[in-house]
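Colleague: I have a structure I would like to understand better, so I am pasting it below and will then ask my questions one at a time.
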Amino acid sequence: MGDGKHSLAQFAAGKLAALEASSLRRGLTVTSRGPAGAATRGGRALVSFCCNDYLGLSQHPAVKQAAAAALAQYGAGSGASRLVTGNHPLYEALEAALARIKGTEAACVFGSGYLANLGIVPAFAGAGDLILADELSHASMHAGIVASRAEAHFFAHNDAADCRRLLEAHRGGARHCIVMTEGVFSMDGDRAPLAALADLADEFDAWLMTDDAHGLGVLGGGRGSAAEAGVAGRVALQMGTLSKAVGSYGGYLCAARPAIELLASRARSLVYSTALPPASVAASYAALDLIEQGGALVAAPLARARRFTAALNLPEAESPIVPLIVGDPARALAASSALEQAGFLVTAIRPPTVPAGTARLRFTFAADHAEADIDRLVTAVRGLDLAGA
Ligand SMILES: *Cc1c(COP(=O)(O)O)cnc(C)c1O
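Counting in the working numbering, the sequence shown runs from 4 upward without gaps.
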């Protein structure tokens, strides 16, 4: 078995060779992390500008303390799905905090942001329904859309007029309609036109759903992109992750109470997947407490990103995410390794994560980055050979 022309190993090796030839092969590199962007890779100390830990809360003493206490009290794992015995007491407090921050009646926590999108979309849409989504929507949103079996169309990025065109063409024949977008786009750092999309949702009797993976903790005084855009009460489905600015792990949906209660019966990724480890839930709760205090902490990532964009004459950052598009995947890899030589970890982002021809460096800025490190990064980026970028 397995030695013939069609062996599994040969199939995979052939795929890997093709990916390698087009600079699209990916791999895992052991990297450990510490406070203030510290990262260690291959024995070298680097400063990471590619983590989504925007507030440094994964390293915050109060967050680590909360996780340690929950670990000691409840153990390492949760033992079962939340529907069985995994719904330990920490979940209630966390969900109440999320609903409060997002201004909704209720919230539900999932195992991850990916699992949240995978479960949410089919819970509210199916055959006979319509989904319109921004063309740059995250892979997990696509996974949810496919699982839902609803009719789906994609509007041009951040183009509310194109969304209207699709609504005019397709809304009539569908029972329910969901309009989906990221609040802050994960690979571009720009913000969705949420007020315009909320108007369209009203006009065409659709539910607006935002994936605010990169908005919570950094926009709207920490409450996220809907609060920033002044439409928090108009986004029916506010989804997000606990794995980025919250510094822990998990995903969530904030919505009206009946919608949240329906998830326990209909969201398969909630029902059929084991609950989060108690330590992760406790860490998220402690982190949200810090986020709710708002102030200088939540303002810092955007300010740092703007220090970077101003120094390099780039368009002013709209979020802590700053892309530098270089086009060709091989050039993106070369620029990333040049920065690594200079002591900075900045991952090259290549297709299919981003559209063909838009490979890029993706810089992310965090509250605990030292300004001196940002200034050294600026110098290193200026030294890159990015002519024609
Ligand atoms: C990271 C991300 C997710 C997935 O969240 P995880 O908690 O990491 O699974 C979903 N949507 C967007 C836009 C993201 O950037």
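Ideal placement from N, C-alpha and C gives every residue a C-beta, glycine not left out.
For ligand 1, which residues count as neighbours when the test is a C-beta closer than 7 Å to any heavy atom?
Modeller: This criterion selects Asn55, Ser115, Gly116, Tyr117, Leu118, Asn120, His141, Ser143, Met144, Glu185, Ser189, Asp214, Ala216, His217, Thr244, Leu245, Ser246, Lys247, Tyr252, Gly253 and Gly254.
Colleague: Answer yes or no: do Asp466 and Ala259 have a C-beta to C-beta separation smaller than 9 Å?
Modeller: Residue numbering for the chain in the displayed model covers 4 to 392; residue 466 lies beyond these limits and cannot be assessed.
Colleague: Among residues of its own chain, excluding the 5 on either side of Ala201, which ones have a beta-carbon nearer than 6 Å to its beta-carbon?
Modeller: On the sequence shown, position 198 is the one that residue 201 refers to. The answer, listed in chain order, is Leu211, Val234 and Arg237.
Colleague: DSSP on Leu211, reduced to helix/strand/coil?
Modeller: Residue 211 sits at position 208 when you count from the first residue of the sequence shown. The answer is strand: DSSP assigns Leu211 an E or B state.
Colleague: Could you tell me which residues DSSP pairs with Met183 in its beta bridges?
Modeller: By 1-based counting over the sequence shown, the position of residue 183 is 180. Looking at the DSSP assignment, Met183 forms a beta bridge with Ala136 and Met212.
Colleague: When DSSP labels each residue in this structure, what does His156 get in the three-state scheme?
Modeller: On the sequence shown, position 153 is the one that residue 156 refers to. The answer is strand: DSSP assigns His156 an E or B state.
Colleague: Name the residue from Asn316, Asp388 and Thr312 whose alpha carbon lies nearest to the alpha carbon of Ala334.
Modeller: Position 331 of the sequence shown, counting from 1, holds the residue named residue 334. For the record, residue 334 in the displayed sequence is Arg; it is not Ala. Checking every option, the nearest Cα to that of Arg334 belongs to Asp388.
Colleague: Mind the definition here: the segment 138 to 157 touches the segment 111 to 130 only if three or more C-beta pairs lie below 8 Å; say whether that holds.
Modeller: yes
Colleague: Buried or exposed: Gly319, going by 16 or more other Cβ atoms within 10 Å of its Cβ?
Modeller: The sequence position of residue 319 within the sequence shown is 316, counting from 1. The question names Gly, but residue 319 is Glu in the sequence shown. The residue in question, Glu319, is exposed, as its Cβ has fewer than 16 Cβ neighbours within 10 Å.
Colleague: Take the Cβ of Asn161 as the centre, count every other Cβ of all protein chains shown within 10 Å, and call the residue buried at 16 or more, exposed below.
Modeller: Taking the sequence shown and counting its residues from 1, the one referred to as residue 161 is at position 158. With 16 or more Cβ atoms within 10 Å of its Cβ, Asn161 is classed as buried.
Colleague: What separation, rounded to the nearest whole angstrom, lies between the Cα atoms of Leu133 and Lys105?
Modeller: Taking the first residue of the sequence shown as 1, we reach residue 133 at position 130. Taking the first residue of the sequence shown as 1, we reach residue 105 at position 102. Cα to Cα, Leu133 sits roughly 26 Å from Lys105.
Colleague: Hey, quick one: how far does the beta strand (DSSP E) through Ala109 stretch, first residue to last?
Modeller: For this step, residue 109 is matched to residue 106 along the sequence shown. Looking at the DSSP string, the run of the beta strand (DSSP E) that includes Ala109 is Ala109 to Phe113.
Colleague: In angstroms with no decimal places, state the Cα-to-Cα distance between Arg379 and Gly253.
Modeller: As a first step, residue 379 is located in the sequence shown; it is residue number 376 there, counting from the start. As a first step, residue 253 is located in the sequence shown; it is residue number 250 there, counting from the start. Cα to Cα, Arg379 sits roughly 34 Å from Gly253.
Colleague: Give a yes or no on whether the C-beta atoms belonging to Thr213 and Ala195 are separated by under 9 Å.
Modeller: Residue numbering aside, residue 213 sits at position 210 when the sequence shown is read from its first letter. Residue numbering aside, residue 195 sits at position 192 when the sequence shown is read from its first letter. Yes, they are a contact pair.
Colleague: With burial defined as no fewer than 16 other Cβ atoms inside 10 Å of the residue's Cβ, what is the status of Asn316: buried or exposed?
Modeller: Taking the sequence shown and counting its residues from 1, one reaches residue 316 at position 313. It is exposed - the Cβ of Asn316 has fewer than 16 other Cβ atoms within 10 Å.
Colleague: Determine the direct distance from the alpha carbon of Ala39 to that of Ala373, and round the result to whole angstroms.
Modeller: Numbered from 1 along the sequence shown, position 370 holds the residue referred to as residue 373. Numbered from 1 along the sequence shown, position 36 holds the residue referred to as residue 39. Ala373 and Ala39: Cα-Cα distance of roughly 7 Å.
Colleague: According to DSSP, is Met190 part of a helix, a strand, or is it coil?
Modeller: Walking along the sequence shown from the start, residue 190 turns up at place 187. When DSSP states are grouped into helix, strand and coil, Met190 belongs to the coil group.
Colleague: Apply the 10 Å Cβ neighbour rule to Thr88 and answer buried if 16 or more other Cβ atoms are within range, or exposed otherwise.
Modeller: As a first step, residue 88 must be located in the sequence shown, where it is residue number 85. It counts as exposed.
Colleague: Please go through the same chain and pick out, in chain order, the residues whose beta-carbon is closer than 8 Å to the beta-carbon of Gln68, but skip the five residues on each side of it.
Modeller: Indexing the sequence shown from 1 puts residue 68 at position 65. Only Ala289 meet the Cβ criterion.
Colleague: Quick check on DSSP: helix, strand or coil for Ala392?
Modeller: If you number the sequence shown from 1, residue 392 lands on position 389. Model confidence at Ala392 stands at a pLDDT of 41, short of 50, so the residue's coordinates are unreliable and nothing is read from them.
Colleague: Please determine, among Ser61, Leu203 and Ala337, the residue with the shortest C-alpha to C-alpha distance to Ser246.
Modeller: In the sequence shown, counting from the first residue as 1, residue 246 sits at position 243. Nearest of Ser61, Leu203 and Ala337 to Ser246, Cα basis: Ser61.
Colleague: Taking the continuous alpha helix (DSSP H) assigned at Phe311, which residues delimit it?
Modeller: For the purposes of this step, residue 311 is taken as residue 308 along the sequence shown, with counting starting at 1. Unbroken alpha helix (DSSP H) run through Phe311: Gly298 to Ala314.
Colleague: So Asn120 packs on Ser84, CB below 8 Å; how close in whole Å?
Modeller: Working through the sequence shown from its first residue, we reach residue 120 at position 117. Working through the sequence shown from its first residue, we reach residue 84 at position 81. Between Ser84 and Asn120 the Cβ distance is about 18 Å, and since that is not below 8 Å, they are no contact.
Colleague: Among the candidates Pro281, Leu97 and Leu27, whose CA atom is the shortest distance from the CA of Gly82?
Modeller: Counting from 1 along the sequence shown, the entry for residue 82 is found at position 79. Checked all of Pro281, Leu97 and Leu27; the closest Cα to Gly82 is Pro281.
Colleague: By DSSP, does Arg168 sit in helix, in strand, or in coil?
Modeller: Position 165 of the sequence shown, counted from the first residue, corresponds to residue 168. Here Arg168 sits in helix by DSSP.
Colleague: So, are the CB atoms of Ser189 and Ala164 less than 9 Å apart?
Modeller: As a working mapping, residue 189 is identified with position 186 in the sequence shown. As a working mapping, residue 164 is identified with position 161 in the sequence shown. Ala164 sits away from Ser189, with the two beta carbons spaced by 9 Å or more.
Colleague: Given Gly225, which residues of its chain have a CB within under 6 Å of its CB, disregarding the five upstream and five downstream residues?
Modeller: If you number the sequence shown from 1, residue 225 lands on position 222. Correct list, in chain order: Ile294, Gly297 and Val301.
Colleague: What separation, rounded to the nearest whole angstrom, lies between the Cα atoms of Asn90 and Leu256?
Modeller: Counting from one through the sequence shown, the residue named residue 90 turns up at place 87. Counting from one through the sequence shown, the residue named residue 256 turns up at place 253. About 16 Å.
Colleague: Of all the options Gly218, Cys166 and Gly243, which has the alpha carbon lying nearest to the alpha carbon of Phe207?
Modeller: Residue mapping note: residue 207 aligns to position 204 of the sequence shown, counting from 1. Selected option, being the one with the closest Cα: Cys166.
Colleague: So is Asp137 buried or exposed if we call it buried at 16+ other beta carbons inside 10 Å?
Modeller: Counting from 1 along the sequence shown, the entry for residue 137 is found at position 134. Asp137 sits buried, since 16 or more C-beta atoms from the chains shown fall within 10 Å of its C-beta.
Colleague: So what does Met242 bridge to, in DSSP terms?
Modeller: Residue mapping note: residue 242 aligns to position 239 of the sequence shown, counting from 1. Paired residue(s): Asp214 and Leu256.
Colleague: Have a look at the DSSP bridge pairing and note the partners of Ala351.
Modeller: For the purposes of this step, residue 351 is identified with residue 348 of the sequence shown, where counting begins at 1. The partner list for Ala351 (beta bridge, DSSP) reads Leu364.
Colleague: Starting from Val384, trace the alpha helix (DSSP H) both ways and give me its first and last residue.
Modeller: Position 381 of the sequence shown, counting from 1, holds the residue named residue 384. If you look at Val384, you'll find it in the alpha helix (DSSP H) that goes Glu374 to Arg385.
Colleague: In its own chain, which residues sit with a C-beta less than 8 Å from the C-beta of Ser283, not counting the 5 before and 5 after it?
Modeller: For the purposes of this step, residue 283 is taken as the residue at position 280 of the sequence shown. Once the five neighbours on either side are set aside, the close Cβ partners of Ser283 are Ala70, Leu245, Ser251, Tyr252 and Gly253.
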